[in-house]
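Right, one structure below, let's go through it.
Numbering (this note's numbering), first residue to last: 10 to 414.
Right under this line is the structure:
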């Protein structure tokens with residue numbers, strides 16, 4: 010290959026959307042698809058809405074690899090001044106630096122902000138041969154190492170990578186880290202009852218009781234395609250999301266109404282908004298929709314050709330079991346109806362297991378400039394990997410399904 014160069018772009022809007030999405034696409038040219046969260050439209054909405062900017066601690070500096078005027082690869086990249094909104098936790102590392110009067114921030118982060126979803130993090134030209142692609146990977150890793158030595162960054166991190174990407178960075182001497190999430194797998198179920206039939210009797214009864222308690226409230230639940238969601242419904246969803254976030258954490262969440270509405274305009278085909286409405290009629294609330302039913306809860310889902318992703322939810326009323334119904338059972342029913350293979354319902358944990366969500370590994374890479382801290386963190390990741398392996402086996406044994414023997 011002729012000489013290649015690495016440049017950093019301060020706004021994703023400076024990279025053509027079609028070019029970015031073509032590089033991020035996976036699969037053959039005929040069947041290529043782009044993970045919803047790796048799309049240019051998603052990242053652009055984060056920036057244009059102000060959710061991602063220097064003020065919020067996410068300074069865009071997207072990496073691009075050029076050969077002359079041809080763009081060979083792209084990577085979403087940010088300078089971070091904190092570790093919020095990442096979901097692969099390094100707070101203990103930052104605290105150790107602070108105790109030793111060493112700056113941990115700023116650091117470099119390759120990730121999708123506020124989105125703990127596995128997907129491609131390096132989009133590469135499909136025309137590259139295997140050896141050419143390997144050269145691009147080595148150039149990226151070498152450039153990061155140089156930046157750690159010369160630019161004052163403590164470290165660089167790449168989060169929620171695919172396993173092949175993690176392996177490629179590991180070959181370039183980056184530390185690898187393993188965690189776990191819980192995903193639902195569609196094993197050819199024809200209905201929700203068909204799914205329940207695969208479970209032990211007691212687990213099946215527990216779920217039916219849980220759903221029955223919610224059904225007693227007489228709520229209406231319906232999915233609305235992204236392009237059909239009204240301004241009033243987006244406002245109601247955002248209100249539910251922000252109020253629930255504030256109750257849990259004391260702030261209104263990382264995302265705002267302009268972000269959600271931007272997605273509805275730029276990638277509506279990959280969005281499903283689940284509305285939960287009462288039948289109380291008009292009470293003058295701000296969250297009324299055009300049917301006159303009051304929206305008391307809502308959840309935002311994203312779709313790919315194979316996956317359903319449950320991302321954000323909120324409720325204005327406390328109803329026992331509503332979270333499980335809105336965020337899990339409705340998503341499972343949707344996957345069965347649409348023939349989707351996997352349901353990724355978010356980052357949180359063990360309570361998914363008795364509802365049939367299986368442990369899956371998640372991967373990240375890390376390179377640490379300080380030699381002593383790098384050694385300590387490498388030792389930690391080895392210990393953590395063994396613990397995660399045991400934990401995943403334990404959770405697999407707790408799944409509610411009948412034995413296949």
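The C-beta atom is built at its ideal place from N, Cα and C for all residues, glycine as well. Values in this document were obtained by computation on a predicted structure and should not be read as measured data.
- Partner residues in the beta bridge of residue 69, as assigned by DSSP, are 87.
- Taking all protein chains shown into account, residue 163 has 16 or more neighbouring C-beta atoms within 10 Å of its C-beta and is therefore buried.
- As the crow flies, the alpha-carbon of residue 43 is around 6 Å from that of residue 35.
- Apart from sequence neighbours up to five positions away, the residues of its chain that approach residue 75 with a beta-carbon distance below 8 Å are 13, 14, 15, 16, 81, ordered along the chain.
- For residue 118, same chain residues with a beta-carbon under 6 Å away, outside a window of 5 residues either side, are 87, 89, 166 in chain order.
- Annotation for residue 387: 184 place their beta carbon closer than 6 Å to its own, counting only its chain and skipping 5 residues before and after.
- For residue 21, the three-state secondary structure derived from DSSP is helix.
- DSSP places residue 385 in the uninterrupted alpha helix (DSSP H) bounded by 380-406.
- Annotation for residue 33: the continuous alpha helix (DSSP H) segment containing it runs 26-33.
- Considering only 321, 251, 358, the residue with the shortest C-alpha distance to residue 366 is 358.
- Rounded to the nearest whole angstrom, the CA to CA distance from residue 245 to residue 304 is 7 Å.
- For residue 213, the enclosing alpha helix (DSSP H) covers residues 210-224.
- In this structure residue 307 is in contact with residue 283, their Cβ atoms being roughly 6 Å apart against a cut-off of 8 Å.
- The C-alpha of residue 287 is placed about 12 Å away from the C-alpha of residue 231.
- The C-beta distance from residue 222 to residue 326 rounds to 14 Å, too long to meet the 8 Å contact threshold.
- Spatial neighbours of residue 207 in its own chain (CB-CB distance under 7 Å, excluding positions within 5 residues in sequence) are listed in chain order as 410, 411.
- In this structure the stretch 46-65 lies against the stretch 121-134, because at least three pairs of beta carbons, one per stretch, are closer than 8 Å.
- For residue 360, the number of other beta carbons within 10 angstroms of its own is below 16, and it is reported as exposed.
- Beta-carbon to beta-carbon, residue 91 and residue 66 are separated by about 5 Å, close enough to satisfy the 8 Å threshold.
- In the three-state reduction of the DSSP assignment, residue 368 falls in the strand class, which pools E and B.
- Apart from sequence neighbours up to five positions away, the residues of its chain that approach residue 377 with a beta-carbon distance below 6 Å are 164, 383, 386, ordered along the chain.
- DSSP places residue 238 in the coil class of the three-state scheme, outside both helix and strand.
- The beta carbons of residue 348 and residue 317 sit no closer together than 7 Å.
- Taking C-beta atoms under 8 Å as the contact rule, residue 73 and residue 18 qualify, at a distance of about 6 Å.
- Counting of Cβ neighbours within 10 angstroms places residue 102 among the buried residues, the total reaching 16 or more.
- Between residue 258 and residue 50 the beta-carbon gap is near 27 Å, outside 8 Å, which marks them as no contact.
- A distance below 7 Å between beta-carbons, with the five flanking residues on each side excluded, links residue 28 to the following residues of its chain, in chain order: 80.
- Between residue 53 and residue 236, the alpha-carbon positions lie close to 18 Å from each other.
- For residue 281, the number of other beta carbons within 10 angstroms of its own is at least 16, and it is reported as buried.
- Beta-bridge partners assigned by DSSP to residue 133: 82.
- Approximately 6 Å separates the beta-carbon atoms of residue 362 and residue 408; this is inside 8 Å, confirming the contact.
- In the same chain as residue 47, and ignoring 5 residues on each side of it, the C-beta atoms closer than 6 Å to its own belong to 33, 128, 129, in chain order.
- Under DSSP, residue 188 forms a beta bridge with 371.
- Comparing alpha-carbon positions, the option among 142, 226, 193 lying closest to residue 173 turns out to be 142.
- Membership of residue 268 in the alpha helix (DSSP H) is indicated by the continuous run 266-275.
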